[in-house]
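Chemist: Before anything else, here's the structure in question.
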């Protein structure tokens, strides 16, 4: 596997993008809960949120 150098600016951009995605998933989850969304949608959203949360923790994001 090739190692790729990541500059600080790129890392900051990724941080902003992942943080924004996390906020949007949390907001969507709240909207689904407020409107009694179906169980399959809630389950999928919960899985996405957990995966994003785990990724953020792995890479040192502050939640």
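Residue numbers (the working numbering): 1369 to 1431.
Each residue gets a CB set at the ideal place from its N, CA and C atoms; glycine is no exception.
1) Check each candidate in 1408, 1390 and 1378 and name the one with the smallest Cα separation from residue 1356.
2) Compute the distance between the beta-carbons of residue 1420 and residue 1410, then report whether it is under 8 Å.
3) Answer yes or no: do residue 1413 and residue 1396 have a C-beta to C-beta separation smaller than 8 Å?
4) Determine the extent of the alpha helix (DSSP H) in which residue 1414 is found, giving its start and end residues.
Modeler: Put simply:
1) There is no way to answer for residue 1356, as the model of the chain reaches only from 1369 to 1431.
2) no
3) yes
4) For residue 1414, the enclosing alpha helix (DSSP H) starts and ends at 1407-1426.
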